[in-house]
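Residues 231 to 397 (this note's numbering) are what the sequence shown spells out, left to right.
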Amino acid sequence: MKERSSMFDNIIHPDRQSHVYPGRTSMIRTARGIMTLQTEIAGAPLQVVTIIDYRGRVLQRFTNDVPAHLTTEAELTAFANELHATIDTQVQAKLTASARPNPGRERERRLAVAELYRRALDAYAKGDSLTARALLRACDRIRPGEPRVRAALEDLASAAGCRAPAA
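If you want it as structure tokens, here you go:
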């Protein structure tokens with residue numbers, strides 16, 4: 231029986247490492263569509279690549295070399311996740327700054343922050359501090375200076391500093 235071939239067989243380089251690092255994707259809903267941020271670890275030497283896609287078009291691409299001292303998958307993934315979160319925060323800040331504020335929407339902003347805060351607590355309870363931090367940063371962008379959000383972000387930052395490195 232003949233082995234079935236894929237149309238992708240010819241584009242995979244024979245020297246490519248067989249290990250695939252996990253990527254990270256996030257979406258930002260705008261009034262006109264969905265903006266997607268996708269971060270992956272790829273290449274030789276390893277690089278973290280983040281692509282911002284909006285309505286099927288690449289708007290921007292960020293490439294960062296992976297520091298040589300990062301050798302384990304956990305370290306590489308943490309580095310990529312931190313870069314992704316930083317870029318996500320920058321994009322959110324630019325979108326927020328470009329939007330015109332509407333004073334009549336304060337109640338909606340309070341409700342949105344309450345829901346995002348609840349989701350952040352749920353994520354943290356499940357051990358997903360990266361998602362919790364991203365949700366809390368979103369809360370802080372919607373209503374800057376919210377005391378409970380600032381306190382939770384500070385607690386997350388101090389907990390991350392006390393955590394033992396992954397083996």
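Where a beta carbon is used, it is the ideal one built from N, C-alpha and C, also for glycine.
Could you give the distance in angstroms between the alpha-carbon of residue i and the alpha-carbon of residue j?
i      : j      : result
Ala368 : Glu305 : 25 Å
Ala390 : Glu338 : 31 Å
Leu325 : Pro252 : 27 Å
Arg340 : Arg373 : 8 Å
Thr301 : Phe292 : 21 Å
Arg335 : Val343 : 12 Å
Ala327 : Ile281 : 21 Å
Ser256 : Ala298 : 27 Å
Gln322 : Ile258 : 8 Å
Leu313 : Ala261 : 26 Å
Leaving out five residues on either side along the sequence, give the residues of the same chain with a beta carbon under 8 Å from the beta carbon of residue i.
i      : result
Gly263 : Tyr284 and Arg285
Leu386 : Tyr354, Ser359, Ala362, Arg363 and Leu366
Asp370 : Glu376, Val379, Arg380 and Leu383
So, for residue i: in the same chain, excluding its five sequence neighbours on each side, which residues have a beta-carbon less than 6 Å away from its beta-carbon?
i      : result
Leu366 : Ala350, Val379, Ala382 and Leu383
Gly183 : Any question about residue 183 goes unanswered here, given that the chain covers just 231 to 397.
Leu276 : Val296
I'd like to confirm the pairing. Which residues does DSSP put opposite residue i in its beta bridges?
i      : result
Leu267 : Ser256 and Ile282
Arg399 : With the chain covering only 231 through 397, there is no way to say anything about residue 399.
Asp295 : Gln277
Ala342 : For Ala342, which the question treats as bridged, DSSP gives no partner whatsoever.
Ala272 : Gln277
Could you check if residue i is buried or exposed, using at least 16 other CB atoms within 10 Å of its CB as the buried criterion?
i      : result
Ala315 : buried
Leu289 : exposed
Arg348 : exposed
Residues in the same chain with beta-carbon distance under 7 Å from residue i, minus the five sequence neighbours each way, listed in chain order, please.
i      : result
Ile317 : Leu267, Thr280 and Phe292
*the stretch 304-320 / the stretch 256-276 touching (three or more Cβ pairs under 8 Å)*: As far as the Cβ criterion goes, the stretch 304-320 touches the stretch 256-276, which means the pair count is three or higher.
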